[in-house]
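This report refers to the structure that appears directly beneath it.
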Amino acid sequence: MPIRLIIVDDHPIVRDGLRGILDTDDFEVVGEAADGAEALAVALRATPDVVLLDLRMPGMSGAEAIRRLREQQPGVHVLVLTTFDDDADVLPAIAEGATGYLLKDTPRDELRRAVHAAARGETVLSPTVAGILTRKAREAREPEPRTLSPRELEVLRLIARGATNREVAGKLFITEATVKTHLLHVYGKLAVSDRAAAVAAAYDLGLLDRQR
């Protein structure tokens, strides 16, 4: 039986290209979508084996789309295919249940093999993404430094002033998912578990100026 596949990308030309690459007897493209919300509707109707998903699309974030697809159809496998390979994209996608994570420069034969592997439930990662996860696993075994990055300090300063994640994202021109990732890093570095404790610890350590 061919692998039933949905292609989710906000660029029609990309969807056409992927359909061409996967136009073999091994695959059946049973639907396309241009954003996360449409992907949920198409997946509910088409019951795919694999959803080939870009991460940055209008509306719903890629990580949110993965989470909701997995909740809606626990048996579906989501294979991320994107151009972004930074921590803020990779980690939330994997955390929400993506079976694999590839970059759009993946050769077509490798992409076909990856879809086969994803349909079997096997983890498929680009070398860059595998490196990120290896580094994070190594960091998890080592004490994190208590020095915050400039961006983490920016986020924490705004949080200390009472800003919500959405407000922080708007002020810094980043996504809410990125804000959450920065806060998780802050919690780990300061050995705390919530926003209030992070702010208090940062003041105690002199990382935040109480006059600001």
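Sequential numbering of the sequence shown, starting at 1, is according to UniProt numbering. Don't be surprised by glycine CBs; every beta carbon is placed ideally from N, CA and C. Fair warning: this is a prediction, and the values are worked out from it, not measured in the lab.
Review point. Per DSSP, which one or two residues make a beta bridge with GLU28?
Key: Beta-bridge pairing links GLU28 to ARG4.
Review point. Would MET57 be called buried (16 or more neighbouring beta carbons within 10 Å of its own) or exposed?
Key: Within 10 angstroms of the beta-carbon of MET57 lie 16 or more other beta-carbons, which makes it buried.
Practice item. With DSSP as the reference, label VAL115 as helix, strand or coil. Key: Here VAL115 carries a helix assignment [DSSP, helix/strand/coil].
Exercise for review: Please report the Cβ distance between LEU111 and LEU102, rounded to the nearest whole angstrom; I am assuming they are in contact, meaning their Cβ atoms lie under 8 Å.
Suggested key: About 7 Å separates the two Cβ atoms, so the contact holds.
Review point. Out of curiosity, what's the CA-to-CA distance linking GLU28 and LEU91?
Key: Spanning the alpha carbons of GLU28 and LEU91 requires a straight line of approximately 29 Å.
Practice item. Could you please give the first and the last residue of the uninterrupted beta strand (DSSP E) stretch that includes LEU148? Key: No beta strand (DSSP E) contains LEU148, which DSSP labels as neither H nor E.
Check your understanding: To which residues of the same chain is LYS171 closer than 8 Å at the C-beta, ignoring the five residues directly before and after it?
Key -> Closer than 8 Å at Cβ, skipping near neighbours: LEU158, ALA163.
Check your understanding: Should the stretch 120-132 be regarded as contacting the stretch 81-99, the criterion being three or more beta carbon pairs within less than 8 Å?
Key -> A contact exists between the stretch 120-132 and the stretch 81-99.
Point to revise | Neighbourhood of ASP49 by C-beta, 6 Å cutoff - its chain only, sequence neighbours within 5 removed | key: Same-chain partners within the cutoff: ILE3, ARG4, ALA119.
Check your understanding: For LEU18, which residues of its own chain have a beta-carbon under 6 Å away from its beta-carbon, when the five flanking residues on both sides are left out?
Key -> Around LEU18: ILE7.
Check your understanding: Curious, which full-length alpha helix (DSSP H) runs of at least 4 residues does the UniProt domain "Response regulatory" (4-119) contain?
Key -> Note on the UniProt domain "Response regulatory" (4-119): whole alpha helix (DSSP H) runs with a minimum of 4 residues are 12-21, 36-46, 62-72, 87-95, 108-119, in chain order.
**Study point:** Where the alpha helix (DSSP H) containing VAL192 begins and where it ends
**Key:** VAL192 -> no alpha helix (DSSP H), and no H or E assigned at all.
Check your understanding: When the distance is taken between beta carbons, is LEU52 closer than 9 Å to LEU69?
Key -> If you check the CB distance, LEU69 and LEU52 do not come in under 9 Å.
**Study point:** Own chain residues within Cβ distance below 8 Å of THR178, not counting five before or after
**Key:** Taken in chain order, the residues that qualify are ALA88, ALA169.
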